[in-house]
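Inspection log for the structure reproduced underneath, given as structure tokens.
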Amino acid sequence: MNMNREEFLHKLSGGLAATCVACMAAACSSESPGPMPPATGSNPSGNSAGTTVNLDSELKNINDFVAKSSTIVIRTASGNAVTSFLAFSSVCPHAGATVEYNNSTSSFFCAAHGSSFSGNGALVQGPATKGLTKLTIEITGSTLTVKA
Numbered sequence: 001m002n003m004n005r006e007e008f009l010h011k012l013s014g015g016l017a018a019t020c021v022a023c024m025a026a027a028c029s030s031e032s033p034g035p036m037p038p039a040t041g042s043n044p045s046g047n048s049a050g051t052t053v054n055l056d057s058e059l060k061n062i063n064d065f066v067a068k069s070s071t072i073v074i075r076t077a078s079g080n081a082v083t084s085f086l087a088f089s090s091v092c093p094h095a096g097a098t099v100e101y102n103n104s105t106s107s108f109f110c111a112a113h114g115s116s117f118s119g120n121g122a123l124v125q126g127p128a129t130k131g132l133t134k135l136t137i138e139i140t141g142s143t144l145t146v147k148a
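When we follow full-length UniProt numbering, the leftmost residue of the sequence shown carries the number 1, and every step to the right adds one.
Rendered as structure tokens:
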């Protein structure tokens with residue numbers, strides 16, 4: 001069979017389009033989360049034990065936050081009491097990507113698949129099926145330490 005250039009390109013592009021649609025559907029399915037951006041920080045395993053914050057130089061104002069070593073620590077009230085802070089794992093429970101904190105909305109968002117979480121770590125919208133992992137805080141002097 002003899003095929004002209006226009007017919008050839010039409011058949012080729014139709015096959016490529018079908019392949020692309022199938023790949024995108026697989027990447028967005030909950031069964032196959034696809035590649036994830038790596039967790040940032042010095043401890044990508046998600047084990048955040050030992051993360052420290054110097055309260056003399058960091059987290060001075062309400063709603064200030066720091067994100068390091070797979071944790072996000074937020075100041076929620078004045079004073080250096082444990083109850084003035086919240087700490088969460090920055091690892092999304094859906095597929096392990098890193099969530100970001102938005103201090104203007106007091107919420108968390110995972111750009112990898114669109115999960116969102118309230119300021120207290122509760123799940124707002126999936127595909128994640130549970131909230132962020134809350135971590136324990138200890139304060140000694142002006143050093144805040146996050147425990148797993």
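For each residue, glycine too, the CB sits at the ideal point set by N, CA and C.
- Nearest to K147 by C-alpha distance, out of L59, S116 and S70, is S70.
- A distance below 8 Å separates the beta carbons of L123 and K130.
- Residue environment: T98 is assigned as buried (16 or more neighbouring CB atoms within 10 Å of its CB, all protein chains considered).
- When only Cα atoms are considered, Q125 and N2 end up about 54 Å apart.
- Looking at the DSSP output, L123 shares a beta bridge with F117.
- Boundaries of the beta strand (DSSP E) harbouring N54: T51 to N54, taken from the DSSP string.
- By the criterion of a C-beta distance shorter than 6 Å, T51 is surrounded in its chain by S69, T71 and V146, once the five residues flanking it on both sides are discounted.
- Comparing alpha carbon positions, the residue from E58, T76, F85 and A128 closest to V91 is A128.
- Annotated three-state conformation of T133 is coil, per DSSP.
- When the Cα atoms are used, T105 and T140 turn out to be separated by approximately 30 Å.
- DSSP, reduced to helix, strand and coil, places T143 within a strand of the structure shown.
- In the three-state DSSP reduction, S107 falls in the strand class (E or B).
- Cβ-Cβ distances below 8 Å link S78 to I62 and S84 in the same chain, with the five nearest sequence neighbours on each side left out; the list follows chain order.
- The distance from the Cβ of G121 to that of L132 is about 4 Å, consistent with a contact at the 8 Å cut-off.
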